[in-house]
Structures are given as C-alpha cells and as structure tokens.
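Numbering-wise (my numbering), the sequence shown opens with residue 43 and increments by one.
Where is the CB? At the ideal position from N, CA and C, for every residue including glycine.
All values derive from a computational prediction rather than experimental measurement.
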Amino acid sequence: MRSPSLLILAAGMGSRYGGLKQIDPVGPSQETVLDYSVFDALRSGFKKIVFVIRRDFEAEFREKVGRRFGGRVEVRYVFQDPHALPGDRKCSSVREKPWGTGHAVWCARDALKEPFAVINADDFYGADSFRQLGSFLSAADPAALPAACCMAGFRLDRTLSEHGAVSRGICSMDTSGRLVSVEECTGIERLPDGGARIKDGGGSARFLTGAETASMNCWGFTPAILPPLERHLGKFLDSHGGETKTEFYLPAAVTAMIGCREAVVDVLPAAGSWFGITYREDRPRVVAALRALVDAGVYPERLWS
C-alpha cells in the first residue's frame, strides 16, 4: 500500500477575482486557503504535494507558498504550458490561456506514480474530504482497470456565492452512488429560498433545488487514468487545438472515461463545508469561516509553527 499524493491545481488565471488568489492570505496567521488543504492532507496520510503552476509566477509562488512546506513533505512543481501537448500537436501561436484542469493533470503525469487526489488551490474542502480521499486512495489498486476513482460530492446550495453567478459541475449518479456524468453549468445564481437558477443567453431559466450534488474538482485517481486522459485530451485537441480560449475540463474528461468504461468513480458525500473565493467580496466570508473553525479547535491558530 502506497501513500497517496496531492495534486494542487494552481495555474488558473483568476480572471473573475483578479490577482493570484492562490496566495491571498485568509487565515489568522496569514495562511492561504491551500495551506489548510495541505495541512488536512498531511494529517490524512498524504506524503507528497505536486503543484501545477505557471512559469510566470513560479518565484512568487515558491516564496509565498512553497517554502511553508519545506522539510514537512516532499514538494514538486510542474508547469502548465499551453504549448505542451500530446504527440506532435500544436496550438495557436497566440494562445496564452491554459488548456484547463484536464490538461493540468496531464501536465503532471510524470510526477504521479501513485494514487493521487486533485484539488483546486483556491477552494476549501474540509478535513473530512481529505480523510475520505486518503482512506480510498490508500486502499486503491494503482493498476486496476477500469481505474478505481472517487470524487468528493458537495450539496450545491453550500457552494454558491452571495455576490454573483458561479460555474458548477452538477452530478448524476446511479443507484449505487457511483458517478455517471458531470454537467458543467455556468451562470448559477443563488435564490432567496435556498434553491438556484441557471439563466441561458435567451432569457429562459432552469431551476434547481439546491440539494443536487456538485463537483468542486476534488477527485481521487490512480495512475491508470493517465493513458485514457491523454487519449481524450488528444481527441479534444484534434477538434479545438486552433482555438484560443476553449478548455479541456477535468469533469468532462472523467465523464468521457466513465462512458468508455475506463474509470469507475465512487461519490464520497462531503460532510463538511466547502467555501472559496470566486469574487473579491467572498473573501470576508472565508476569513470569518476559518476564524470560526480555529475557535472551534478544528485547526490551530498557526498551522505551521
């Protein structure tokens, strides 16, 4: 049994929030959201951290984030380069935007030889999510086919912002609690009754109860998913490689692998709270939530003493 690794996706451009939200301090001792994720991962048995970043902020990221973990855990960095593609494929010479979360995982393939979790750098998933991920991945057969995977599932109404519309992956499951598909939905707005609505460009709306299961990009995988991930990335690029903004999303890749019987994904109901910073106005709520968790004894006042 091998200890799992944690792959942290930190190459996103933060277009809505502005700035490098991955290194914005929100904890009582200047911790970032991802500090809490690493802390929870370490106490759940993860032994290696792999950061996916961009070259243009490598120095700042290493100084403000990576140095916190020196001597505590093995840390590796990989770069998400929009021009790093499978085979001899090439993208538009003017493309600057990364190819999305699915491509980010593919970029880290050489650093992932053991079961691994994938998270966003700027989302808080809670200690329970990491305990469940760690337990699942520690028992997973790295070579089994179809690949044995998992996903932390959150109630949709616990993931919405008070300050604007958000994008969420709405999950469909079978009767055994396994994932069937993830539908990427944009423009989801919270309603006063606790539900949500999705507006389309034509002015019509789709209403949700809020009890739906949302994917917040908190996954558990084995290395067995990497070859099919590369194949699906290649198919995507064959159709969209000349575009400048289209992205290869990890939930879409997982849905494709499920459909091809290349992966089986158990949905792990997340008992704790998710929160994140989509808009700058979300930050005070995140600061207050972390303060409350520290006061309740869930986390120490200073994570890295």
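Using beta-carbon positions only, say whether residue i and residue j come within less than 8 angstroms of one another.
i	j	result
GLY144	PHE290	yes
TRP316	ASP165	yes
LEU345	PHE81	yes
VAL68	VAL329	yes
LEU76	ARG114	no
ALA153	ARG104	no
ALA189	ALA305	yes
SER86	ARG173	yes
SER47	SER180	no
Between the Cα of residue i and the Cα atoms of the options, which residue gives the shortest distance?
i	options	result
THR233	PRO124, ARG200, PHE93, ARG96	The residue asked about is misnamed: residue 233 is Leu in this sequence, not Thr. Minimum Cα distance to LEU233 is reached at ARG200.
GLY276	LEU127, VAL92, ASN162	LEU127
ARG96	CYS149, PHE166, GLU204	CYS149
GLU285	CYS302, ILE91, GLY142, LEU202	GLY142
ALA253	PRO140, LEU202, ALA52	LEU202
ALA334	ALA189, ALA313, PRO70	PRO70
GLY195	ALA185, MET258, PHE172, SER180	MET258
TYR78	HIS282, GLY168, GLU231, PHE278	GLY168
HIS205	GLY283, ARG325, PRO342, SER218	ARG325
THR219	TYR341, LEU48, GLN122, LEU310	Checking the sequence shown, residue 219 turns out to be Gly, not Thr. Nearest of TYR341, LEU48, GLN122, LEU310 to GLY219, Cα basis: LEU310.
SER347	GLY87, PHE99, GLY112, CYS302	GLY112
ARG197	GLU73, THR251, ALA186, GLY229	THR251
SER214	ALA256, ARG239, GLY237, PHE178	ALA256
PHE230	HIS125, VAL208, GLY237, ARG322	The residue asked about is misnamed: residue 230 is Ile in this sequence, not Phe. Of HIS125, VAL208, GLY237, ARG322, the residue nearest in Cα terms is VAL208.
GLU102	PRO342, ASP66, LYS241	ASP66
PRO124	SER177, SER47, SER45, LEU279	LEU279
VAL49	ALA186, GLU116, THR74	The residue you asked about is not Val; residue 49 is Leu in the sequence shown. Nearest option by C-alpha distance: GLU116.
GLY283	ASP170, LYS139, THR74	LYS139
ALA186	VAL307, THR228, GLY236, SER171	VAL307
Quick check on residue i: buried or exposed, where buried means 16 or more other Cβ atoms within 10 Å of its Cβ?
i	result
LYS155	exposed
SER57	With a pLDDT of 47 at SER57, under the threshold of 50, the predicted position of this residue should be treated as unreliable, though the coordinate-derived value follows. SER57 is exposed by the Cβ-count criterion.
GLY211	buried
LYS287	exposed
VAL120	buried
GLY339	exposed
MET55	For MET55, the pLDDT reaches just 46, beneath the cut-off of 50, and the residue's location in the model is therefore unreliable, leaving the point undetermined.
GLY318	buried
GLN72	exposed
THR320	buried
THR74	buried
ALA238	buried
ALA182	buried
SER281	exposed
ASP337	exposed
Between residue i and residue j, how many whole angstroms is the CB-CB distance? I'm expecting something under 8 angstroms.
i	j	result
CYS191	LEU175	Actually they are not in contact, since the Cβ atoms of CYS191 and LEU175 sit about 11 angstroms apart, beyond 8 angstroms.
PHE52	ALA163	A small correction: the amino acid at residue 52 is Ala; Phe does not occupy that position in the sequence shown. About 4 angstroms separates the two Cβ atoms, so the contact holds.
PRO270	CYS302	7 angstroms
For residue i and chain C, any beta-carbon pair shorter than 8 angstroms?
i	result
LEU51	Judged by its chain identifiers, the structure shown contains no chain C, having just a single protein chain.
Exercise. Between the stretch 244-258 and the stretch 130-137, are three or more C-beta pairs nearer than 8 angstroms?
Worked result: Taking a contact to require three or more Cβ pairs closer than 8 angstroms, the stretch 244-258 and the stretch 130-137 do not qualify as touching.
For this session: Taking 8 angstroms as the threshold, find out whether the stretch 148-162 comes into contact with the stretch 261-269 through three or more Cβ pairs.
Result: A contact exists between the stretch 148-162 and the stretch 261-269.
For this session: State whether the stretch 286-300 contacts the stretch 219-234, with contact taken as three or more CB pairs (one from each stretch) at a distance under 8 angstroms.
Result: Two segments are said to touch when three or more pairs of C-beta atoms, one from each, lie closer than 8 angstroms; by this definition the stretch 286-300 touches the stretch 219-234.
Exercise. Do the stretch 83-92 and the stretch 103-123 make contact, defined as three or more Cβ pairs closer than 8 angstroms?
Worked result: Yes, the stretch 83-92 touches the stretch 103-123.
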